[in-house]
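First comes the structure, then the notes that go with it.
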């Protein structure tokens with residue numbers, strides 16, 4: 003079994019040249035710096051500029067120098083923190099290996115529907131109506147019926163599917179499932195045809211682009227075109243674990259064998275670069291971006 007990501011990696015200045023990876027302001031946070039867990043699953047910046055990181059051993063809050071950790075000893079139901087989200091009201095939500103909690107007046111309290119109390123949470127997002135969506139590995143996907151999160155309802159169209167993550171594009175919600183990527187829109191659900199039969203491991207969306215990661219490579223849908231990325235062109239392995247597109251169009255792809263960057267997006271695949279421990283990364287297993 004490959005070792006977990008043992009560091010949190012922050013890449014800054016994403017529009018800079020990648021002629022040499024050392025040109026990036028690369029900071030590596032390790033267990034020795036105060037990072038509580040060996041595997042980092044999620045990131046969330048708060049309005050004060052602090053970074054919250056969900057790890058295998060709790061959630062920590064850092065300013066880049068000091069770390070404060072919250073775990074089972076601090077009131078979490080489980081040490082594994084798989085998802086972190088701050089909703090429009092400013093409330094911090096965490097998706098755990100067992101259930102959902104939210105931060106209230108400096109402490110974490112139980113939240114979420116009873117059905118998810120012992121479920122492994124895989125993702126959280128807020129939709130166009132400010133409702134909170136929570137996906138799980140085995141108990142389906144649920145959402146709040148109002149922004150106040152007073153009540154919850156299941157997304158029945160996704161019942162029975164293992165959901166590995168979610169992304170929002172406008173009013174549409176895309177879910178990465180064991181059967182492919184499902185689109186939930188206006189009460190209807192349909193499968194993204196190019197992903198049929200492939201387990202989607204992660205999904206990313208912005209206003210113009212949808213990116214899907216799987217065990218057999220990645221698909222990027224933009225401007226009416228579908229692009230396939232795998233070991234035949236830019237990837238060191240077909241297993242894709244995380245995806246991100248930067249402000250200037252650069253595409254980042256996290257794999258178990260390093261961090262792939264397409265500096266010019268899809269315009270120039272020959273410019274693809276895989277960053278590894280040789281370039282300063284703490285570990286090659288990139289699980290979250």
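Numbering (the numbering used here), first residue to last: 3 to 291. Glycine included, C-beta positions come from ideal geometry on N, C-alpha and C.
Legend entry - Nearest-angstrom Cα separation, counted from residue 241 out to residue 225: Along the chain shown, one-based indexing puts residue 225 at 223. Along the chain shown, one-based indexing puts residue 241 at 239. Going by the C-alpha atoms only, they are around 25 Å apart.
Inset, instruction - Whole angstroms is fine: what's the gap from residue 210's alpha carbon to residue 256's? - result: If you number the chain shown from 1, residue 210 lands on position 208. If you number the chain shown from 1, residue 256 lands on position 254. So the alpha carbons of these two residues sit roughly 21 Å apart.
Legend entry - N- and C-terminal bounds of the beta strand (DSSP E) containing residue 43: Residue mapping note: residue 43 aligns to position 41 of the chain shown, counting from 1. Residue 43 -> beta strand (DSSP E) spans 42-47.
Legend entry - Separation of residue 102 from residue 119, as counted between CA atoms: Within the chain shown, residue 119 is the residue found at index 117, counting from 1. Within the chain shown, residue 102 is the residue found at index 100, counting from 1. The straight-line gap from Cα to Cα measures roughly 7 Å.
Inset, instruction - Could you check what DSSP says for residue 235 in three-state terms: helix, strand or coil? - result: In the chain shown, residue 235 corresponds to position 233, counting from 1. Coil, per DSSP.
Inset, instruction - On a CA-only basis, which of 51, 36, 90 is nearest residue 68? Give me that one, please. - result: Residue numbering aside, residue 68 sits at position 66 when the chain shown is read from its first letter. Among 51, 36, 90, the Cα nearest to that of residue 68 belongs to 36.
Inset, instruction - Output the distance between the C-alpha atoms of residue 195 and residue 258, rounded to the nearest integer angstrom. - result: On the chain shown, residue 195 is found 193 positions in, with the first residue counted as 1. On the chain shown, residue 258 is found 256 positions in, with the first residue counted as 1. The straight-line gap from Cα to Cα measures roughly 26 Å.
Legend entry - Contact set for residue 261: own chain, Cβ-Cβ below 6 Å, skip 5 residues either direction: As a position in the chain shown, residue 261 is number 259, starting the count at 1. So the qualifying residues of the chain are 277, 288.
Inset, instruction - Look at the alpha carbon of residue 274 and the alpha carbon of residue 96, and state the distance between them as a whole number of angstroms. - result: Counting from 1 along the chain shown, the entry for residue 274 is found at position 272. Counting from 1 along the chain shown, the entry for residue 96 is found at position 94. Between residue 274 and residue 96, the C-alpha separation is close to 34 Å.
Inset, instruction - Label residue 48 either buried or exposed according to how many other C-beta atoms from any shown protein chain fall within 10 Å of its C-beta, with 16 as the threshold for buried. - result: As a first step, residue 48 must be located in the chain shown, where it is residue number 46. Exposed, since its Cβ has fewer than 16 Cβ neighbours within 10 Å.
Legend entry - Backbone CA spacing between residue 285 and residue 279 [nearest angstrom]: For the purposes of this step, residue 285 is taken as residue 283 along the chain shown, with counting starting at 1. For the purposes of this step, residue 279 is taken as residue 277 along the chain shown, with counting starting at 1. Going by the C-alpha atoms only, they are around 6 Å apart.
Legend entry - Chain-order list of residues whose beta-carbon lies under 8 Å from that of residue 90 (same chain, five-residue window excluded): Mapped onto the chain shown, residue 90 falls at position 88. Contacts found: 128, 132, 149.
Inset, instruction - Go through its chain and collect everything with a Cβ distance to residue 299's Cβ below 6 Å, but skip five positions before and after it. - result: Look at the range of the chain in this structure, 3 to 291, and you will see that residue 299 is not part of it.
Legend entry - Identified DSSP bridge partners for residue 119: Looking up residue 119 in the chain shown gives position 117. Paired residue(s): none; residue 119 is not in a bridge.
Legend entry - Proximity below 7 Å, CB of residue 105 to CB of residue 94: On the chain shown, position 103 is the one that residue 105 refers to. On the chain shown, position 92 is the one that residue 94 refers to. In this structure, residue 94 lies closer than 7 Å to residue 105 by Cβ.
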